[in-house]
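Reminder that position 47 of the sequence shown reads as 47 in UniProt numbering, one-by-one numbering, no gaps.
In this text, a Cβ means the ideal position worked out from N, Cα and C, and glycines have one as well.
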Amino acid sequence: MRYNGSNYELRNTGHASHYFPGEQIPAYLYMNELYAGMNGVIKPTPLGTVYQACKIATFFMLIASLSMPILFLMHTYPHGVRVTRERKGEEVTRLPAKPTMLAAPVTDGTHVHRYAWKYFECDKAEWQYDSCAQAYCRAHHKTIDTMTSKDEARVWVSAGLLIGYFVYWLICHDALTPDGMADDPQDEENQALVRGDELSPIDYIRDTTDFTLARSDIRQSTLDFVDRYYESSYYQDVLDVIGVDRDIFRMEFDWETCHEVSTAIDHAHMAWLEDKKSYLRIARIISGGDTNAMSEFSGSFEEPDAYGTVHVDHLYDWGLEDENDVNRFAHDHWMVLVDILERNGCVCLCDWKQPADEFLPLVGLTRRAAAEGIDFASVVGTSGQGDVGLADWWEGNACLDLPELSEKSLLIANMDIDSDAYVLFVCSEGEYRRIRSLAKSLGRIINQAKQGKS
1 MRYNGSNYEL
11 RNTGHASHYF
21 PGEQIPAYLY
31 MNELYAGMNG
41 VIKPTPLGTV
51 YQACKIATFF
61 MLIASLSMPI
71 LFLMHTYPHG
81 VRVTRERKGE
91 EVTRLPAKPT
101 MLAAPVTDGT
111 HVHRYAWKYF
121 ECDKAEWQYD
131 SCAQAYCRAH
141 HKTIDTMTSK
151 DEARVWVSAG
161 LLIGYFVYWL
171 ICHDALTPDG
181 MADDPQDEEN
191 QALVRGDELS
201 PIDYIRDTTD
211 FTLARSDIRQ
221 STLDFVDRYY
231 ESSYYQDVLD
241 VIGVDRDIFR
251 MEFDWETCHE
261 VSTAIDHAHM
271 AWLEDKKSYL
281 RIARIISGGD
291 TNAMSEFSGS
301 FEEPDAYGTV
311 HVDHLYDWGL
321 EDENDVNRFA
331 HDHWMVLVDI
341 LERNGCVCLC
351 DWKQPADEFL
361 PLVGLTRRAA
371 AEGIDFASVV
381 GTSGQGDVGL
391 ADWWEGNACL
401 DLPELSEKSL
411 LIANMDIDSD
421 AYVLFVCSEG
431 EYRRIRSLAK
441 SLGRIINQAK
451 QGKS
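(1) Quick one: give me the first and last residue of the alpha helix (DSSP H) that S233 is part of.
(2) By Cβ distance below 7 Å, which residues in the same chain neighbour S441 in space, the five residues on each side in sequence not counted?
(3) Taking its Cβ as the centre, do 16 or more other Cβ atoms sit within 10 Å of H333, making it buried, or is it exposed?
(4) Expressed to the nearest angstrom, what Euclidean distance is found between the alpha-carbon atoms of D217 and N327?
(5) Identify, in the order they occur along the chain, each residue of the same chain with its Cβ nearer than 6 Å to the Cβ of I265, setting aside the five sequence neighbours on each side.
(6) According to DSSP, simplified to helix, strand and coil, what is C258?
(7) Give me the Cβ distance between G413 and V388, rounded to the nearest whole Å; I'm assuming they're in contact under 8 Å.
(8) Can you tell me whether V244 is buried or exposed? The criterion is at least 16 other CB atoms within 10 Å of its CB, across all chains shown.
(9) With burial defined as no fewer than 16 other Cβ atoms inside 10 Å of the residue's Cβ, what is the status of F166: buried or exposed?
(10) Once the 5 residues before and after R281 are set aside, which same chain residues still bring their CB inside 7 Å of it?
(11) Have a look at the DSSP bridge pairing and note the partners of T208.
(12) Residue range of the beta strand (DSSP E) that L410 falls in?
(13) Can you give the beta carbon distance from C346 to D418, rounded, assuming they're within the 8 Å contact cut?
(14) Which class does I265 belong to by DSSP, given the choice of helix, strand or coil?
(15) Using the C-alpha atoms, what's the distance from D130 back to D210?
(16) Look at the alpha carbon of D227 and the alpha carbon of S158, and state the distance between them as a whole number of angstroms.
(17) Helix, strand or coil for residue 473 per DSSP?
(18) Hey, how far is the Cα of E189 from the Cα of I171?
(19) Do the CB positions of Y138 and L176 come within less than 9 Å of each other?
(20) At what residues does the beta strand (DSSP E) containing L424 begin and finish?
(21) In angstroms, rounded to a whole number, what distance separates the CA positions of T100 and M335?
(22) Beta-carbon within less than 8 Å of G364's beta-carbon, same chain only, minus the 5 sequence neighbours each way: which residues are those?
(23) Output yes or no for whether 9 Å exceeds the beta carbon distance between R250 and A153.
(24) Confirm, please, whether the CB-CB distance from Y229 to L162 is below 9 Å.
(25) In whole angstroms, what is the alpha-carbon distance linking A361 and A268?
(26) Can you have a look at L239 and say buried or exposed, based on whether 16 or more other CB atoms are within 10 angstroms of its CB?
(27) Give the DSSP bridge partners of Y186, in chain order.
(28) Judging by CA-CA distance, which residue of Y422, S300, A125, I202 is the nearest neighbour of L349?
(29) With the cut-off set at 9 Å, would you say L341 and M415 are in Cβ contact?
(30) I need the straight-line Cα distance from A57 to S67, nearest angstrom please.
(31) Please return the same chain residues whose Cβ sits closer than 8 Å to the Cβ of I285, not counting the five positions on each side in sequence.
(32) To the nearest angstrom, how far is it from the Cα of L62 to the Cα of E395?
(33) According to DSSP, is N292 helix, strand or coil?
(34) Are A330 and H314 touching if we call contact CB-CB under 9 Å?
(35) For the alpha helix (DSSP H) that contains K150, what are its first and last residues?
(36) List the residues that DSSP assigns as beta-bridge partners of L402.
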């Protein structure tokens, strides 16, 4: 049957049986299917509706059936496959193949560490140019071919805004490398002009780096913040500043917006600094203020790239597979803190299946336990508790009576690294409450064994 010049087959054939070849009948399209209209009444037929509903339901069932195996695997192995790590002089310990920084829970978004970490390589205005050019042409009723050099210059300003705003913040915080972004003896003077709002950051990056910001342009001490912020949250902060009524691809530079964006970056940077203070407080308590551990951790926070380079051979012992894994590990302050504390004898790594007569002597070798004179070996040797497994004790399925700890108001705590390995250390009850609270503010976990039943 022809309808509007196209061939169709009537779907409601029950009605079609009353018609004869060559007869003209009222008909209509419904969801791209042709239906005859009884007595000229145009309405969806029950048969057509059911047919279309079945098609839609079948489609969604197919999608669901294909998605279920993937969702199951994501739920079962949320952090990937774990690997086995052989530690010299110890039993085999299983640790995560990948650093677990991204496993930190994303809650209120007020701390930079909760943002997704991504190694910053560079940003180029040319990556935004096409989008800005199309937006400019739509607004000015032009085409790409009819754009003048003046039009192109205005488009480059829009394309370079994100880089320009961020470079303004970097310059104001003296966060560019000592030589600046170009081999120009006047660069220091130009940066001073930018700081004084006399030279726009757009003009600065146009004349120095051709609208590009590279990793090598940024000081080491600021790179960790940039890695955590630029790719994951900076763009959204800019959108929050300019509002929903303004098209970022059509914007031109103005100082008011530049200052507002800089303030937004300041807030994120302050949160990053607060995180640093919290990490350092945890490190100070667990290490007992150990000078070497504190100095090394502070340096790793300031220059994570350097930490990864210096300790690259050692870090591969954690089961890391390539340079990208090393970079990620070196920027995961929690894992770096564990690594430093372990190498300085402040914590010990124990496997979940180790019995008490194996893991307690290791805890006894840590600095705090040794300083307190706690002899765990004699405790398990005389009490018959040596077979109690670490995981059973920790989950409250078994009991360990450790009077030498309770008499001194001490306990054994664990730095959770999202693994079946435990990072154990001894601390006082008051210290435990403080570092547990600090860890929680960072999206991390420090816990103690649940009280089991004898």
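From the atom records:
(1) From DSSP, S233 is part of no alpha helix (DSSP H); its letter is neither H nor E.
(2) S278
(3) buried
(4) 18 Å
(5) W169
(6) helix
(7) Looking at the sequence shown, residue 413 is not Gly but Ala. In fact, because the Cβ distance is near 18 Å, the residues do not count as touching under 8 Å.
(8) exposed
(9) The residue is buried, with at least 16 neighbouring Cβ atoms inside 10 Å.
(10) L438
(11) DSSP, once it has assigned bridges, lists no residue as partnering T208.
(12) 410–415
(13) Their Cβ separation, rounded to whole angstroms, is 20 Å, which puts C346 and D418 out of contact at 8 Å.
(14) helix
(15) 16 Å
(16) Rounded to whole angstroms, D227 to S158 spans 24 Å at the Cα level.
(17) Shown here, the chain extends from 1 to 454; a query on residue 473 therefore has no answer.
(18) 12 Å
(19) It is Arg, not Tyr, that sits at residue 138 in the sequence shown. Not a contact, by the Cβ cut-off of 9 Å.
(20) 421–428
(21) Residue confidence for T100 is low, a pLDDT of 33 falling below 50, so the modelled location carries little weight; the figure read from the coordinates is stated next. For T100 and M335, the distance between alpha carbons rounds to 8 Å.
(22) A370, I374, D375, F376, A377
(23) no
(24) no
(25) For clarity, residue 361 is Pro in the given sequence; the question names Ala instead. Distance between the alpha carbons of P361 and A268: 43 Å.
(26) Exposed is the call here.
(27) What sits at residue 186 in the sequence shown is Gln, not Tyr. According to DSSP, which records beta bridges pairwise, Q186 is partnered with nothing at all.
(28) Y422
(29) Their beta carbons are under 9 Å apart, which means L341 touches M415 by this criterion.
(30) 15 Å
(31) For I285, where only same-chain residues beyond five positions count, the Cβ hits under 8 Å are C427, E431, R434, I435.
(32) Their backbone Cα atoms lie some 41 Å apart in a straight line.
(33) helix
(34) no
(35) DSSP places K150 inside the alpha helix (DSSP H), whose first and last residues are 149–159.
(36) For L402, which the question treats as bridged, DSSP gives no partner whatsoever.
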